[in-house]
Structures are given as structure tokens and as C-alpha cells.
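Residue numbers (the working numbering): 486 to 1077. Here a beta-carbon is modelled for each residue, glycine too, at the ideal position from N, C-alpha and C.
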């Protein structure tokens, strides 16, 4: 039906007769002629209708926005005075000889020329996707996916599919469950990742595996998360962690060059402990020139319990954050930041404005200065590198609260004050703790329970689990964790030891992971891998800050599809066949 896309017509086609298919983006009548901007996925081109072609001209008078049409006409070069530098096709136009209205459009429920509400955009997603910027997002994602497949094929990786209907296993988030009609009372789980299947493929001898795969997690959502998401899943045998990182770093560097023509350079490597100490985050945004500086050792003897308490507590931390030029912040702005850190558990936010650093305590303005000596103030200023016109914020609490609150404050203040550099800053974060306290007296795996410890045997790991580090690694770009992986446990005794530490009883181990523990007994090779979030990578590559922009049909933050009204109630016949009974919500009963 078409001979070329609208956005591909250029001066080289001048004089040629072409056929276009697409939508009326805009129509205007001018000087006895009818002009339309005609749009398809590749762009927009100007088409004009002249009374000299009476049939096409008469039909063109009926055109309205979003009519689906076919146009056949001759490409003409525009006079210099009429060229439109804002359009890729602005040097030419198409003189229409024939017009077919394929389908008419009713008035649209959304406006392409303004920002529509999320509710409207998602309810009419099929219309929202017609917008040129949305087409650009999805085309970039498709281009990235195609590149990844080519790269992995060239590296000798096999694209192997793994099951969607599988067994529920503890991987950190809640599972989406699918009832079995044949096995009444039993449920499949949609995979949170292909983790165990890809490890089993390593045991099967497929030493380089990948797939671009859908995964599902029933967890609280935010702007960069969805209940169903897409992973670039990778696993290798007989490769060390540095070797895996080298291949994957090469892929991402080449991907950025392919899509953006940007050279990311070599990725620096930072340990988890260093990232938390300097940035309060295990996914630091290195575009911000601000760091947390420990000052607890200076404050152990001050008569200010807010500082002295955490400073003398082995599990506490007191850290300062220097904000360049921050002395201009008003008290109202500081109060807003104080409320902000409260979201992360901080009980307050001490501050110190630097007016004349050379004068020590006499040169600063701070509600906590009265608790400090001149020597302490001078040392704090020296250690943080604070200069005239800066402000220092202080976090004093448990290590976790200080890292969470001050790390978040660093990002917020930096963005508010325009301190984020317009550059790409990738890095690897390695040496994560193997376990963390779960808040209920037990331990949880920092990554997942199949991650191998670094240079420890089972007995050593069991003796001091909180002191153990995992052979794990995350790739971070501009503050986003875009991928994460680890060396896997390939020994049955070590895997059982990890399960024991996590409080999984031997009976539970057999019930949930018996197939894995058995497989580990039959000559399992050492293996390692990682997974990238394709949605998040696409978000970065397109420059949007919302992951929904790069997903064709996303869910809301309430995990609902406004277009199809999913999830929806099942009818009673379906529930009966599945032997399922539903229970009304407690609040619904109360309302009744």
C-alpha cells in the first residue's frame, strides 16, 4: 500500500511519484490550497492538495486529525524561503494526486499538543503511542534489543527459552501465582527471573546462555518498576567474575555507541563499602560532585547527644554533606529538606552555613555551633573541603538511616541546585555483603540465595555469616542499577549451608529446591552470570525518566492496566473449574 515512509522522504526523491500511508497529524487551509502534515512511525512530511487535482482536493476538505489515509503524489523541493528546519523532511513536500480515506476518526479523547494526564494516556494507550516521541522511544528499544541479540550471537551465546509456568521459590519478592486446573489446589508461579533454569542449563553443558525474557514480581511499584518487566538474562560456565564483567561492559559500551554515539570509556570499580561510605548508596550517581564525609571521631566527646550518641555507637554514623554554594538556601528550604530526610527515618537535619571558613567557629552560622569547639569546627571544614558560601548538612543516626537519608538528600539537593553534570558516569559496584539482617531476628540474602561467597568454605561462612562478602557485582549508570549478577554456588554442601543460614529447614530445602540440590551433585561446573533490565536501559538510552514510556502497554503504580481494566474478576464457572473460592476483603465486609 505504501512505497516509502513519511519520515524517509528527502530531496533525493524530488520528481518521483510515491505512495504514503499514515495519519493526518495537522491540517490547514492556505491560499486556496490544503496542507496536511502526514505522520507515520518514521516521521512527518508535508502534503499539499491543489484544486488542479479536483477529486483529491475535494476529499482533502473532509480530512480531520488522525484520519487514516493513503496519498499518492510527486515529491517537490521547497523554495528556500519555505523550508522548515524543524522537520527532518522540511526541504521537500508532496503534491498529492490521489487521496484515499482509509478510516475516519472521531474527536480524540486526548490532545497530542499538550501533556495529558497519566490516567488518560494509559486508558487510550493505542492513541498515546501515535505521538512521535512515543514512537521514538519504542524504536530505540527495538534497536537496542536487536543490537544485544547480534552481540550475544557473535560472542557465542545461545538464545534458549526457559519456562513461564514454574515453581514458587523465595527470590525476594512475592510471586504471581497461576492455579492449575489439572492439579487442583496447586499453583504455578510466574518467574521472577530464570535464575534456577539458567543455572541448570550450565549443569547441562550449555556454557553460554542468554535470552531476552519477561519476568514478574508482585512488589510495590515506583516510576522505574513494573510488575512485569524484561530482562537481558545471561549465564556462563568456566568464567570468572572479572571475565563476565569484561564481556558485559563491552556490550554496554558498544550499545551506547550504537544508539547514542557516546563512548562510555572503561568502567571504574568500587566496593559496596566504599559506595555506602562516600555516597550513602550502592548505586551511586557519580555525576554529582558531592560526597558524605565521616566526622564521628571528632564528635565523641561533645555535649550534644544527637551527635555524641551515634558517634560512640559501633552501629552508628555521623556524616557531613557539603553543598557547594548552599549557604544561599533559605530557612524554609532547609526545613523542607529536614522533612525530606524524615521519610528515610532521620529524626532531624543539622546544618552549618560557611560564611568565612578562615575564622573557624566565628565564621559559621549553625544552630549546633554552640555545642562545638573552634578546633572541631575547623577540622570539619578542613575534612569536608567546605569554602565560603557552602553549607554542610549532618546526618547522625544508625549507619542504615544515615546512608539512606543522606544518600537521598545528596541526590535531591544536587538536582534542586542544578549540580548534576550532563555526562554519563557508569561503574561497577562489587563485594556486596553476603547477608543482611531482616529486621525479624534472622538473615536475608543481599542478592539471592544462590550467590557464592568470596573465598570462604561452608564452615567459615556458617561461623560468621554477617562478615561474609558475596562474589557479586552490579552495573550502575547515572545512579540507576541497570544490571546485577554474581558467581553462583556450584557445590551442594555450600548451597545447603546458605539455606541453613537463611533459616530454611532441611525439609523445606528438599521440598522447594530438591531438584537443584540433586543437580549440584552431578559434576556442576563453576558458573556466573547477570541480568540487565531492558526497560531501564531503554529508559536511559531515550532520556526519559519514566520506565512506562519505553513499554508499549505498561501498568500503573497500582499494577493495573487502565486500557483493558486488568486485573479483573473471574466468573464463577472459571473459579469452580479451578476449585478456587474467593474471600471478600475485611473492609468490604465492614462496609456491608
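| Query | Result |
| --- | --- |
| Proximity of residue 560 and residue 493 at Cβ, strictly below 7 Å | no |
| Candidates 855, 509 and 805, of which the one nearest residue 878 by Cα | 805 |
| Beta-carbon gap between residue 550 and residue 579 smaller than 7 Å | no |
| The segment 854 to 865 touching the segment 765 to 776, judged by at least three CB pairs closer than 8 Å | no |
| Given 8 Å, three or more beta-carbon pairs between the segment 739 to 752 and the segment 1045 to 1064 | no |
| Cα-Cα separation, residue 917 to residue 953 | 9 Å |
| Exposed unless 16 or more other CB atoms sit within 10 angstroms - verdict on residue 615 | buried |
| Presumed contact (8 Å Cβ cut-off) between residue 872 and residue 842, rounded CB distance | 6 Å |
| Validate contact between the segment 568 to 585 and the segment 530 to 541 using beta carbons, cut 8 Å, 3 pairs | yes |
| Alpha-carbon to alpha-carbon, residue 612 and residue 503 | 27 Å |
| Boundaries of the alpha helix (DSSP H) in which residue 506 is found, first to last residue | No alpha helix (DSSP H) holds residue 506; the beta strand (DSSP E) holding it covers 502 to 515. |
| Proximity of residue 598 and residue 553 at Cβ, strictly below 7 Å | no |
| Rounded separation between residue 974 and residue 1023 - CA only | 31 Å |
| Span separating the alpha-carbon of residue 928 from that of residue 596 | 51 Å |
| Outcome for residue 971 when other beta-carbon atoms lying within 10 angstroms are tallied against a minimum of 16 | buried |
| Whether residue 899 touches residue 905 by CB criterion (7 Å) | yes |
| Proximity to residue 884 [Cα-Cα], best of 862, 803, 936 and 932 | 803 |
| Per DSSP, the bridge partner or partners of residue 883 | 801 |
| Own chain residues within Cβ distance below 7 Å of residue 868, not counting five before or after | 778 and 780 |
| Unbroken stretches of the alpha helix (DSSP H), 4 residues or longer, contained in the segment 1009 to 1036 | 1019 to 1027 |
| Cβ-Cβ distance between residue 1019 and residue 977 below 7 Å | no |
| Beta strand (DSSP E) runs wholly inside the segment 706 to 745, at least 3 long, in chain order | 713 to 722 |
| Test item: CB-CB of residue 714 and residue 675 under 7 Å | no |
| Alpha-carbon to alpha-carbon, residue 846 and residue 862 | 6 Å |
| Counted within 10 angstroms of its Cβ, other Cβ atoms place residue 1079 as buried (16 or more) or exposed | This structure does not reach residue 1079, given that the chain is present from 486 up to 1077, and the question cannot be answered. |
| Beta-carbon gap between residue 792 and residue 937 smaller than 7 Å | no |
| Where residue 1051 sits in the DSSP three-state scheme | strand |
| DSSP bridge partner residues for residue 930 (one or two, in chain order) | 920 |
| Own chain partners of residue 536 with C-beta closer than 6 Å, once the 5 adjacent residues on each side are dropped | 542 |
| Strand pairing of residue 778, partner residues [DSSP] | 805 |
| Which listed residue (1014, 991 and 996) has its alpha carbon closest to that of residue 473 | Lying before the first or after the last residue shown, residue 473 is absent from the chain, which here runs from 486 to 1077. |
| Contact between the segment 619 to 628 and the segment 1051 to 1069 (3+ Cβ pairs under 8 Å) | no |
| Contact set for residue 982: own chain, Cβ-Cβ below 7 Å, skip 5 residues either direction | 943, 946 and 947 |
| Own chain partners of residue 785 with C-beta closer than 6 Å, once the 5 adjacent residues on each side are dropped | 796 and 797 |
| Distance, residue 838 Cα to residue 809 Cα | 11 Å |
| Contact set for residue 525: own chain, Cβ-Cβ below 6 Å, skip 5 residues either direction | 490, 491 and 507 |
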